[in-house]
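Our numbering puts the sequence shown at residues 7 to 163.
Everything on this sheet refers to the single structure shown next.
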Amino acid sequence: LQYNGGYGNVSLGYDHSRSGSNASLGLAGGVIATQYGVTLSQPLGDTVALLRVPGAANVEPEGYNGIHTDSRGYAVMPTLSAYRKNTVSLDTATLGENVDVEQSGLTLIPTSGAVVLANYKTHIGYRVLFSLRYHGEPLPFGAQAEVCLLYPSDAAD
Numbered sequence: 007l008q009y010n011g012g013y014g015n016v017s018l019g020y021d022h023s024r025s026g027s028n029a030s031l032g033l034a035g036g037v038i039a040t041q042y043g044v045t046l047s048q049p050l051g052d053t054v055a056l057l058r059v060p061g062a063a064n065v066e067p068e069g070y071n072g073i074h075t076d077s078r079g080y081a082v083m084p085t086l087s088a089y090r091k092n093t094v095s096l097d098t099a100t101l102g103e104n105v106d107v108e109q110s111g112l113t114l115i116p117t118s119g120a121v122v123l124a125n126y127k128t129h130i131g132y133r134v135l136f137s138l139r140y141h142g143e144p145l146p147f148g149a150q151a152e153v154c155l156l157y158p159s160d161a162a163d
């Protein structure tokens, strides 16, 4: 039995024969320690990328099963091709409702044995759409609008 997860792989085995029984447990994974903290991963290849998607948990890169960002927004791509263009794209369907990225795909050209940073610029917040009208008619294109908030103490004055 084997499980491949975002933070490593686990395997379990059991064998029974006339001569006895044998049980096994296997754990495999990687650890990347940087100025951003410690990030766990699947087993590491020679050349890897640290994905940095600040504030975006559970975001998956396209084409890599089981890999997703941790609660801080970090994940490790365990294998990249050295000296070649590697495009690392995020699956935007896995972004939270309050998360947006400026660019979902980044191109990396690492050297052999490198740990490269794929730094995505995130915007955390909620999108809103206002439909502004004046006397029931849409505002003309290019018109300026101002929002004035009334607080309960202001309304009484």
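Quick reminder that beta carbons are idealized off the backbone N, C-alpha and C, glycines included.
Treat the numbers as computed from the prediction; the structure is a model and nothing was measured.
Beta-carbon spacing of residue i, residue j below 8 angstroms
i	j	result
THR45	TYR80	yes
ARG58	TYR42	yes
SER47	VAL82	yes
LEU123	VAL65	no
VAL107	TYR126	yes
GLU49	PRO84	As written in the sequence, residue 49 is Pro, which differs from the Glu given in the question. Yes, Cβ-Cβ distance for PRO49 and PRO84 is below 8 angstroms.
GLY11	GLY72	yes
GLY26	ILE130	no
Simplified DSSP assignment, three categories, for residue i
i	result
THR98	helix
VAL107	strand
GLY19	strand
VAL134	coil
GLY69	coil
LEU57	strand
THR128	strand
GLY119	coil
Neighbourhood of residue i by C-beta distance below 6 angstroms, restricted to the same chain and skipping five residues each side
i	result
LEU145	LEU138
ASN92	LEU86 and LEU114
GLY111	THR93 and SER95
ASN28	ASP21
SER30	GLY19
LEU156	none
Burial state of residue i, where buried means 16 or more other Cβ atoms lie within 10 Å
i	result
ASP76	buried
VAL37	exposed
VAL54	buried
THR128	buried
Rounded separation between residue i and residue j - CA only
i	j	result
GLU52	CYS154	For the record, residue 52 in the displayed sequence is Asp; it is not Glu. Their Cα atoms are separated by approximately 58 angstroms.
GLN8	LEU18	6 angstroms
ALA120	PRO67	19 angstroms
GLN109	ALA99	14 angstroms
TYR132	ALA63	16 angstroms
HIS74	GLY35	14 angstroms
VAL134	ALA151	16 angstroms
LEU56	ASP97	16 angstroms
GLU143	GLU103	31 angstroms
HIS141	ALA149	14 angstroms
ARG78	PHE147	41 angstroms
Own chain, CB closer than 7 angstroms to residue i, minus 5 neighbours either side, in chain order
i	result
LEU33	GLY14 and VAL16
Cβ of residue i within 8 angstroms of any chain D Cβ
i	result
THR93	Chain labels in this structure do not include chain D; a single protein chain is all it has.
Close-in-space but distant-in-sequence residues of the same chain around residue i (CB under 8 angstroms, 5 per side omitted)
i	result
ALA88	ASP52, THR53, PRO116, THR117, SER118, GLY119 and ALA120
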